[in-house]
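The structure under discussion appears below in the form of structure tokens.
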Amino acid sequence: MLVIALCKGRFLDPSLDLLKRAGIRFSDDLASSRKLIFESADKRFRAVLVKPADVPTYVEYGAADIGIAGRDVVLESGADVLQPLDLNFGYCKIAVAGPVEPRTDEGSSPRSYSPTLRVATKYPRITLEYFNSRGIPVEIIPLSGSIELAPLIGLADRIVDLVETGRTLKENGLAVLEIIAESSAKLLINRAGYQTKRAEVLTLIQFLEKART
Amino acid sequence: MKAYTQIPPGTQILIGRAARRRRVLERAICSVFEGWSYEEIIPPIFDYYDVFAKGMGAGQEEHIYRFIDREGNILALRPEFTSLVAKTVATRLASSPKPIRLFYQGEVLRFEKPKGGRQREFAQIGIEHYGGTRKTADVEVLLIAVETFQQLGIQGFQINLGSVDFFGGIVDRMELPQDDIAALKDVLNMKNQSGLEDLLQRLPLEDRRKNILRAVPHLTGGKSVIAEARHLVKNARSVEALDHLEEIYSIFEKLDLAHHLTIDLGEIRGFDYYTGILFRAYVRDLGFEVASGGRYDGLPAAFGEDVPAVGFTFILDRLEQIATPSLAMADVEGTTIDVEQGFAKALELRQAGKAVKLCL
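If you're matching them up, the sequences are chains A and B in order.
Residue numbering for the first sequence follows my numbering, beginning at 210 and increasing consecutively.
Residue numbering for the second sequence follows my numbering, beginning at 730 and increasing consecutively.
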């Protein structure tokens, strides 16, 4: 039996749809239930529901053979896993954003003379790598939500966040300044499972490749 | 300053049963190695940093614990054994008759995130074969790996064979900058199709060559993979690598052991010193590899003696998670002696070879 780690939240429905199209069905109350482990109708698969950022970890350790997660969390985790397939949903961008209009006092604000950019983000690893590779000194401010707030009240100069439509940014007077990477849903596979459960894993990859839209 | 009662991250302490388990496993594995006429080498725990930097390659230096001695030399705590052994073979043992068969066991240190039971200090145990014929030496070390798993009672292990030369032969002709080759290796090692596509879009390669690279991640499975790969490549280096893998696979078929082998030509991970075949062993239901190795013909030459070399190493900390060695020891139950009866009684029993436990 293969174990599949799925993200709770916005990825769950498209993940379940994709699996359904590949012939793998889980009970309909999966999304609403409080249970964390589910077996597929044909008993060949077990789904575990975890926080999106944790999916790469489950797969890297082999607690799950397979996972579905956004490229953003895979990059951030640095997990050593196979990533054979793009699943063609969950498109968005990891972007640097900042205020549209620089604050009027920016010229005279002591902050504006700081040689180090302050960046608030849920993605400290991606952010540090990006700015380091460009030779820009940054101070990372790790936040776990409402990132857009940080530049508005002077906690940070910039943010690095996922941007889907850009609406949240716009409503908060922020705009995308640079795109760091494109992100979408990825199929993740544990390296050992790929070798020791090869037949099952390869069949699943084939089905998913056909089923993705 | 941290309290001196804390332990630094990445270290561990084995006590009692856990320590005994470790030693029993080591003993069992060493006796397999000795059974194939390998002799132990006990190298130093530190050496000059350059010894390791030379073999492990770029990007590894951040994982090495370095320090400076009073004369200003840069030294390193050993992050692996192979460089140390290769250096010894190329220097002290240069005039010894070949082949040279050596095994080692002990702790290595790497500054990296502890993962899968492997701490920053972890135990390795492995073999090295120098100066033999390539094919037979490769088969020999693979057979020893197989026997080790069998002796430890581990079922469902797979040894995955990859090749540096198959991929090397393909990219040799592309004349790409080193950075692009490294990027190619990265996406292939993750079997990342879309990442590969993005990369191919910007690389100035003919479509025919791009299609070869597109096929590489799928060259994984049984012997049929080799035939598939033959349709793709004509260059001598890749073809030779395929011939070599096919010969090894055929020998394993004759020995009825081929079900333990898989081939994955998209596997090109490992330290820079690897030059030919690559091994990685996996066990069902353990998420991380338990052993790895391969051929490193260039390494002894880097130390001045050009001999072919192949070897592999087991990660003991991971084997311990799946092996269940018998811990039964002869005469474990000792006689408990009340001190009232005097120490003389204890000495008497000890001289008779009995275990004692003083009741104080």
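All C-beta atoms in this analysis are idealised placements derived from N, C-alpha and C, irrespective of residue type, glycine included.
Count the other C-beta atoms from every protein chain shown that fall within 10 angstroms of the C-beta of Asp993 (chain B), then say buried if there are 16 or more, exposed otherwise. The count along the second sequence starts at 1 and reaches residue 993 (chain B) at position 264. Buried, since its Cβ has 16 or more Cβ neighbours within 10 Å.
For Arg795 (chain B), write down the residues that DSSP places opposite it in a beta bridge. For the purposes of this step, residue 795 (chain B) is identified with residue 66 of the second sequence, where counting begins at 1. Answer by DSSP bridge pairing, in chain order: B:Ala805.
For the stretch 917-932 of chain B, which residues have a beta carbon sitting closer than 8 Å to at least one beta carbon of chain A? Met919, Lys920, Asn921, Gln922, Ser923 and Gly924
How would you label Asp867 (chain B), buried or exposed, when you count the other beta carbons within 10 angstroms and need 16 or more for buried? Walking along the second sequence from the start, residue 867 (chain B) turns up at place 138. Per the 10 Å Cβ criterion, buried.
On the DSSP letters alone, give me the boundaries of the beta strand (DSSP E) that Gly276 (chain A) sits inside. For the purposes of this step, residue 276 (chain A) is taken as residue 67 along the first sequence, with counting starting at 1. It spans Ile275 to Gly279 - the beta strand (DSSP E) in which Gly276 (chain A) sits, taken as one unbroken run.
Determine, for Lys952 (chain B), whether the minimum Cβ-Cβ distance to residues of chain A falls below 9 Å. Position 223 of the second sequence, counted from the first residue, corresponds to residue 952 (chain B). Chain A, which has no Cβ nearer than 9 Å to the Cβ of Lys952 (chain B), makes this no.
First through last residue of the beta strand (DSSP E) which encompasses Ile691 (chain B): The shown model of chain B, from 730 to 1089, leaves out residue 691 (chain B), and the question about it has no answer.
Starting from Leu984 (chain B) and walking both ways along the beta strand (DSSP E), at which residues does that stretch end? For this step, residue 984 (chain B) is matched to residue 255 along the second sequence. Run containing Leu984 (chain B): none; DSSP gives neither H nor E here.
Just how far apart, CA to CA, sit Gly1071 (chain B) and Arg1079 (chain B)? Numbered from 1 along the second sequence, position 342 holds the residue referred to as residue 1071 (chain B). Numbered from 1 along the second sequence, position 350 holds the residue referred to as residue 1079 (chain B). Going by the C-alpha atoms only, they are around 13 Å apart.
Within 9 Å, strictly: CB atoms of Arg1013 (chain B) and Ser1021 (chain B): Stepping through the second sequence from its first residue, residue 1013 (chain B) is reached at position 284. Stepping through the second sequence from its first residue, residue 1021 (chain B) is reached at position 292. Cβ atoms of Arg1013 (chain B) and Ser1021 (chain B): not closer than 9 Å.
Given this structure, state the Cα-to-Cα distance separating Asp776 (chain B) from Leu804 (chain B), to the nearest angstrom. Here residue 776 (chain B) refers to the residue found at position 47 when the second sequence is read from its first residue. Here residue 804 (chain B) refers to the residue found at position 75 when the second sequence is read from its first residue. The alpha-carbon atoms of Asp776 (chain B) and Leu804 (chain B) are separated by roughly 6 Å.
Between Val290 (chain A) and Leu225 (chain A), which are expected to be in contact by the criterion C-beta below 8 Å, what is the C-beta distance as a whole number of angstroms? Working through the first sequence from its first residue, we reach residue 290 (chain A) at position 81. Working through the first sequence from its first residue, we reach residue 225 (chain A) at position 16. That belief does not hold up - the Cβ atoms of Val290 (chain A) and Leu225 (chain A) are roughly 21 Å apart, past 8 Å.
With a Cβ-Cβ cutoff of 9 Å, do Phe832 (chain B) and Asp1046 (chain B) count as a contact? In the second sequence, counting from the first residue as 1, residue 832 (chain B) sits at position 103. In the second sequence, counting from the first residue as 1, residue 1046 (chain B) sits at position 317. In this structure, the beta-carbon distance from Phe832 (chain B) to Asp1046 (chain B) does not fall below 9 Å.
Suppose you measure from the CA of His947 (chain B) to the CA of Ile275 (chain A); what does that come to, to the nearest Å? Position 218 of the second sequence, counting from 1, holds the residue named residue 947 (chain B). Position 66 of the first sequence, counting from 1, holds the residue named residue 275 (chain A). Distance between the alpha carbons of His947 (chain B) and Ile275 (chain A): 18 Å.
Is the beta carbon of Tyr978 (chain B) closer than 9 Å to that of Ile997 (chain B)? By one-based count along the second sequence, residue 997 (chain B) stands at place 268. By one-based count along the second sequence, residue 978 (chain B) stands at place 249. Against a cut-off of 9 Å, the Cβ pair of Tyr978 (chain B) and Ile997 (chain B) comes out as no contact.
For a quick check, are the C-beta atoms of Ala329 (chain A) and Ile303 (chain A) less than 9 Å apart? Translated into positions along the first sequence, residue 329 (chain A) becomes position 120. Translated into positions along the first sequence, residue 303 (chain A) becomes position 94. Against a cut-off of 9 Å, the Cβ pair of Ile303 (chain A) and Ala329 (chain A) comes out as no contact.
Residues that Arg1013 (chain B) contacts on chain A, provided the C-beta gap is smaller than 9 Å: As a position in the second sequence, residue 1013 (chain B) is number 284, starting the count at 1. Near Arg1013 (chain B) (Cβ distances below 9 Å), the residues of chain A are Ala401, Gly402, Thr405 and Lys406.
Residues that Glu1018 (chain B) contacts on chain A, provided the C-beta gap is smaller than 8 Å: Taking the second sequence and counting its residues from 1, the one referred to as residue 1018 (chain B) is at position 289. Correct list: Arg400 and Ala401.
Within a Cβ cutoff of 7 Å, which residues of the same chain sit near Pro308 (chain A), ignoring the five residues on either side of it in sequence? In the first sequence, counting from the first residue as 1, residue 308 (chain A) sits at position 99. If the five residues before and after Pro308 (chain A) are omitted, its C-beta is found closer than 7 Å to the C-beta atoms of Pro360, Gly382 and Leu383, all from its own chain and listed in chain order.
Measure the Cβ-Cβ separation of Phe896 (chain B) and Lys914 (chain B) and say whether it is below 9 Å. In the second sequence, counting from the first residue as 1, residue 896 (chain B) sits at position 167. In the second sequence, counting from the first residue as 1, residue 914 (chain B) sits at position 185. Yes, the pair counts as a contact, with Cβ atoms nearer than the cut-off.
Hey, how far is the Cα of Asp909 (chain B) from the Cα of Asp927 (chain B)? Position 180 of the second sequence, counted from the start, is the residue given in the question as residue 909 (chain B). Position 198 of the second sequence, counted from the start, is the residue given in the question as residue 927 (chain B). When rounded, the distance between both Cα atoms is 12 Å.
Residues of chain A with a CB under 7 Å from the CB of Thr991 (chain B): which are they? Residue mapping note: residue 991 (chain B) aligns to position 262 of the second sequence, counting from 1. Within chain A, the residues near Thr991 (chain B) are Gln404 and Arg407.
Output yes if chain A places a C-beta closer than 9 Å to the C-beta of Pro946 (chain B); else output no. Numbered from 1 along the second sequence, position 217 holds the residue referred to as residue 946 (chain B). Yes, Pro946 (chain B) counts as interfacial toward chain A.
N- and C-terminal bounds of the alpha helix (DSSP H) containing Asp1026 (chain B): For the purposes of this step, residue 1026 (chain B) is taken as the residue at position 297 of the second sequence. Element bounds for Asp1026 (chain B): n/a, residue is neither H nor E.
At least one CB of chain B closer than 9 Å to the CB of Tyr332 (chain A): is that the case? Here residue 332 (chain A) corresponds to residue number 123 of the first sequence, with the count starting at 1. Taking Cβ atoms only, chain B never reaches closer than 9 Å to Tyr332 (chain A), which makes this a no.
The stretch 887-905 of chain B: positions lying closer than 8 Å to chain A by Cβ: Gln887 and Asn889
Would you give the residue range spanned by the alpha helix (DSSP H) that Phe762 (chain B) belongs to? Start at 1 with the first residue of the second sequence, and residue 762 (chain B) comes out as number 33. Counting along the chain, the alpha helix (DSSP H) containing Phe762 (chain B) begins and ends at Arg746 to Gly764.
If you compare alpha carbons, which of A:Leu337, A:Leu378 and A:Ile345 is closest to Ile356 (chain A)? As a working mapping, residue 356 (chain A) is identified with position 147 in the first sequence. When each option's Cα is compared against that of Ile356 (chain A), the closest is A:Leu378.
Could you give the residue range of the beta strand (DSSP E) that holds Ile213 (chain A)? Here residue 213 (chain A) is taken as the residue at index 4 of the first sequence, counted from 1. Per DSSP, Ile213 (chain A) belongs to the beta strand (DSSP E) from Leu211 to Cys216.
What are the complete beta strand (DSSP E) segments, minimum 3 residues, inside the stretch 996-1021 of chain B? 1006-1012
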